[in-house]
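A.B. asks: The following block contains the structure, expressed as structure tokens.
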Ligand code: CUA
């Protein structure tokens with residue numbers, strides 16, 4: 005199969021070409037009529053009249069109907085293709101939109117904001133929302149679909165080449181709508197299998213200061229770190245947060261310094277985000293940030 009975005013682009017080019025031909029035809033006829041029938045070229049005393057041309061009436065009713073029918077059939081074909089077109093998906097991922105981050109579930113393995121997919125494989129997404137209406141869109145890989153609470157919509161992604169593909173929530177969903185970025189890492193099947201296996205493992209627990217601070221504070225009310233007692237479900241799963249390239253669904257690149265700044269005051273970077281500021285001392289922030297970034 006070809007990437008759904010290519011099918012959409014091909015259809016847009018055909019429809020655009022048809023629209024261009026119609027534009028040239030209509031504008032050409034208009035300019036011709038304006039020049040040919042201007043009053044200085046008509047015999048004096050005879051007003052320009054034009055009535056009861058049955059053939060013309062039929063033509064300008066039938067032609068648009070034919071054009072619309074052709075575009076409709078082309079569109080049905082494209083919809084069938086990007087909806088799957090009889091190709092079985094090689095992978096199914098459940099995606100939930102949250103204010104303002106993404107949850108990706110590969111069976112029992114859950115991660116956030118950064119999804120990985122194998123190249124050359126049809127990936128079907130089951131899209132839903134935990135709160136308000138969001139919209140999933142990674143333009144280079146597929147179409148766009150709204151994500152509605154209580155409903156599951158479906159969208160297919162297909163990547164031909166390995167790389168990083170950027171996406172964005174496309175339905176206004178609150179003050180941080182703009183900071184609901186999607187990062188898709190398309191990679192070889194072997195790399196993807198390695199990534200999924202790593203994501204499936206629980207976090208390496210070492211009982212260090214950072215882990216102790218995390219478990220002793222309100223972090224655990226919202227976040228899960230598999231392998232520890234933290235099992236909150238309101239915020240992103242942090243089991244392997246250090247393996248992700250960004251923080252806060254794209255607000256900051258991820259490293260220890262930014263992780264520390266983010267925890268110290270999330271509202272400075274993402275005003276309105278549901279993550280509160282947790283009162284921690286400087287040494288506690290250092291240890292916590294180092295711990296989280298170590299969760300690869
Ligand atoms: Cu989520 Cu806009």
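In this note's numbering, the protein residues as written are 5 to 300.
Positions of the beta carbon are idealized from the N, C-alpha and C atoms, including for glycine.
For the 8 Å Cβ check, are there 3 or more pairs between the stretch 110-117 and the stretch 230-243?
C.D. replies: Yes, the stretch 110-117 is in contact with the stretch 230-243.
A.B. asks: Assuming the contact rule is C-beta atoms closer than 8 Å, residue 128 and residue 160 should be a hit. Round their C-beta distance to whole Å, please.
C.D. replies: With a Cβ gap of about 5 Å, residue 128 and residue 160 count as contacting.
A.B. asks: For the structure I just gave you, are there three or more beta carbon pairs, one from the stretch 290-300 and one from the stretch 247-265, closer than 8 Å?
C.D. replies: Touching, per the Cβ criterion.
A.B. asks: Using a 10 Å radius around the Cβ and a threshold of 16 neighbouring Cβ atoms, would you call residue 138 buried or exposed?
C.D. replies: Buried, since its Cβ has 16 or more Cβ neighbours within 10 Å.
A.B. asks: I need the boundaries of the alpha helix (DSSP H) containing residue 106, first residue and last residue.
C.D. replies: Counting along the chain, residue 106 falls outside any alpha helix (DSSP H), though it belongs to the beta strand (DSSP E) covering 105-110.
A.B. asks: Identify which residue in 67, 85 and 131 has its Cα closest to the Cα of residue 106.
C.D. replies: Ranking 67, 85 and 131 by Cα distance to residue 106 puts 131 first.
A.B. asks: Tell me which residues share the same chain as residue 97 and place their Cβ nearer than 8 Å to its Cβ, disregarding the 5 neighbours each side in the sequence.
C.D. replies: So the list reads 108, 109, 110, 119, 121, 127, 128, 129 and 130, once near-sequence residues are dropped.
A.B. asks: If we count the other Cβ atoms within 10 Å of its Cβ and call it buried at 16 or more, is residue 70 buried or exposed?
C.D. replies: Per the 10 Å Cβ criterion, exposed.
A.B. asks: Could you check what DSSP says for residue 181 in three-state terms: helix, strand or coil?
C.D. replies: Three-state DSSP puts residue 181 in a helix.
A.B. asks: Would you say residue 125 and residue 145 are within 8 Å of each other, going by their C-beta atoms?
C.D. replies: No, these two residues do not count as a Cβ contact at 8 Å.
A.B. asks: Taking contact to mean at least 3 C-beta pairs separated by less than 8 Å, is the stretch 205-223 in contact with the stretch 272-289?
C.D. replies: Because the criterion of three Cβ pairs below 8 Å is met, the stretch 205-223 and the stretch 272-289 touch.
A.B. asks: How far does the beta strand (DSSP E) with residue 118 in it reach, from first residue to last?
C.D. replies: Note, residue 118: beta strand (DSSP E), 118-122.
A.B. asks: Between the stretch 31-38 and the stretch 191-208, do at least 3 Cβ pairs fall closer than 8 Å?
C.D. replies: They do not touch, by the three-pair rule.
A.B. asks: Can you give, in chain order, each stretch of the beta strand (DSSP E) that sits fully within the stretch 134-161 and has at least 3 residues?
C.D. replies: As far as the stretch 134-161 is concerned, its whole beta strand (DSSP E) runs of at least 3 residues are 138-141, 148-151 and 157-161.
A.B. asks: Do residue 270 and residue 252 have their C-beta atoms within less than 8 Å of each other?
C.D. replies: Cβ distance < 8 Å, so residue 270 and residue 252 count as in contact.
A.B. asks: If I measure Cβ to Cβ from residue 204 and keep anything under 6 Å in the same chain, skipping five residues before and after, which residues do I get?
C.D. replies: For residue 204, where only same-chain residues beyond five positions count, the Cβ hits under 6 Å are 113.
A.B. asks: Just to check, is the beta-carbon of residue 175 closer than 7 Å to a non-hydrogen atom of ligand 3?
C.D. replies: Absent from the structure shown: ligand 3. Ligands present: ligand 1.
A.B. asks: Tell me which residues share the same chain as residue 202 and place their Cβ nearer than 8 Å to its Cβ, disregarding the 5 neighbours each side in the sequence.
C.D. replies: Same-chain partners within the cutoff: 244, 247 and 300.
A.B. asks: For residue 183, which residues from the same chain have a beta carbon less than 7 Å from its beta carbon, with the 5 sequence-adjacent residues on both sides left out?
C.D. replies: 104, 252, 253, 254, 255 and 274.
A.B. asks: Cβ-heavy atom distance between residue 184 and ligand 1 below 7 Å?
C.D. replies: Under cutoff, so the answer is yes.
A.B. asks: Can you give me the start and stop residues for the alpha helix (DSSP H) that residue 75 sits inside?
C.D. replies: Segment 58-86, the alpha helix (DSSP H) holding residue 75.
A.B. asks: Between which two residues does the alpha helix (DSSP H) containing residue 175 stretch?
C.D. replies: Note, residue 175: premise wrong, no alpha helix (DSSP H); not H, not E.
A.B. asks: Near residue 210, which residues of its chain fall below 8 Å by C-beta distance, leaving aside the five closest residues on each side in sequence?
C.D. replies: Within the same chain, residue 210 has no close Cβ partners at all.
A.B. asks: Which value, in whole angstroms, describes the spacing of the CA atoms of residue 234 and residue 207?
C.D. replies: Straight-line Cα distance between these residues: approximately 11 Å.
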